[in-house]
Amino acid sequence: MALLLPRDNDGERMLLFALNSTKMAVMLESGFLAFEREGNTAWKGVHVPHVHVEIDPASLSASQGFRSPLGSMVRHDSSLSINGRRGHGSPTIAVPLLDNLPPCTSDYAATFLRWQIVVGEGIEKQVLHQVDVTPKT
């Protein structure tokens, strides 16, 4: 998993990852658009490899995956997914980020509204990007 940091103001932070043999990208600042990145050579920015996603357990939502906000993380079955979109105006889809996790009960899903992308561990850990999709009341 990697994070692409743009080198100018016109760029977009993107989470880059592969699930099975499919290479994917999720745009983190404009609607969590998700797309396959195979063959894309137009990346402009700093590629930060070996990043990790950390979920904030305190942000667990009661939605259980149904009508989860765009950008939330959903743990369902044996996967962890980002709620994203294939295009502007398209319906929300689950974009699998991790698979082959220990399975949850089949009728259960956990939605997390806050998560972050980090690099390093322990005292050397650095937060590179934070997501908070908590609905504003």
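The numbering used here puts the first residue of the sequence shown at 1, with every later residue one more than the last. Glycine included, C-beta positions come from ideal geometry on N, C-alpha and C.
* In its own chain, which residues sit with a C-beta less than 6 Å from the C-beta of glutamate 54, not counting the 5 before and 5 after it? -> Along the sequence shown, read from residue 1 onward, the residue named residue 54 stands at position 54. Its chain contains Gln116, Val118 as the residues whose beta carbon lies nearer than 6 Å to that of glutamate 54, once the 5 sequence neighbours on both sides are disregarded; these appear in chain order.
* In chain order, what residues of the same chain have a beta carbon less than 7 Å from the beta carbon of glutamate 36, not counting five sequence neighbours either side? -> Sequence index remark: in the sequence shown, residue 36 carries index 36 (1-based). Result list for glutamate 36: Thr22, Lys23, Met24, in chain order.
* Inter-residue Cα distance where the pair is glycine 87 and glutamate 29 -> Residue numbering aside, residue 87 sits at position 87 when the sequence shown is read from its first letter. Residue numbering aside, residue 29 sits at position 29 when the sequence shown is read from its first letter. Computed Cα separation, rounded: 14 Å.
* Please go through the same chain and pick out, in chain order, the residues whose beta-carbon is closer than 7 Å to the beta-carbon of aspartate 56, but skip the five residues on each side of it. => One-based indexing of the sequence shown puts residue 56 at position 56. In the same chain as aspartate 56, and ignoring 5 residues on each side of it, the C-beta atoms closer than 7 Å to its own belong to Phe112, Arg114, Trp115, in chain order.
* Asked: What do you get for alanine 58, buried or exposed, if any count of 16 or more other CB atoms within 10 angstroms of its CB means buried?
  -> Counting from one through the sequence shown, the residue named residue 58 turns up at place 58. Classification of alanine 58: exposed, given that the 10 Å Cβ count is below 16.
* Which of the three DSSP states, helix, strand or coil, is assigned to glutamate 54? -> The residue labelled residue 54 in the question sits at position 54 within the sequence shown. Strand at glutamate 54.
* Under the three-state DSSP convention, the category glutamate 124 falls into -> Here residue 124 is taken as the residue at index 124 of the sequence shown, counted from 1. If DSSP states are grouped into helix, strand and coil, glutamate 124 belongs with the helices.
* Three-state secondary structure assigned by DSSP to serine 59 -> Translated into the one-based positions of the sequence shown, residue 59 becomes position 59. Serine 59 falls in the helix class under three-state DSSP.
* Cβ-Cβ separation, serine 81 to leucine 97 (assumed contact under 8 Å), whole Å -> Indexing the sequence shown from 1 puts residue 97 at position 97. Indexing the sequence shown from 1 puts residue 81 at position 81. Taking a contact as a CB-CB distance under 8 Å, the pair leucine 97 and serine 81 counts as one, their CB atoms being some 6 Å apart.
* To do: Would you mind reading off the limits of the beta strand (DSSP E) that contains glutamate 36?
  => Locating residue 36 in the sequence shown gives position 36, where the first residue counts as 1. 34-36 is the extent of the beta strand (DSSP E) around glutamate 36.
* **Chain-order list of residues whose beta-carbon lies under 7 Å from that of histidine 129 (same chain, five-residue window excluded)** => What you label residue 129 is simply residue 129 of the sequence shown in a count that begins at 1. Answer for histidine 129: Leu3, Arg13, Leu28, Gln116, Ile117, listed in chain order.
* With serine 106 as the anchor, note down where its beta strand (DSSP E) starts and where it stops. => What you label residue 106 is simply residue 106 of the sequence shown in a count that begins at 1. Run containing serine 106: none; DSSP gives neither H nor E here.
* **Own chain partners of proline 69 with C-beta closer than 7 Å, once the 5 adjacent residues on each side are dropped** => Position 69 of the sequence shown, counted from the first residue, corresponds to residue 69. If the five residues before and after proline 69 are omitted, its C-beta is found closer than 7 Å to the C-beta atoms of Asn83, Leu113, Val133, Pro135, all from its own chain and listed in chain order.
* Where does the unbroken beta strand (DSSP E) through leucine 5 begin, and where does it stop? -> Locating residue 5 in the sequence shown gives position 5, counting from the first residue. Run containing leucine 5: 2-6, per the beta strand (DSSP E) assignment.
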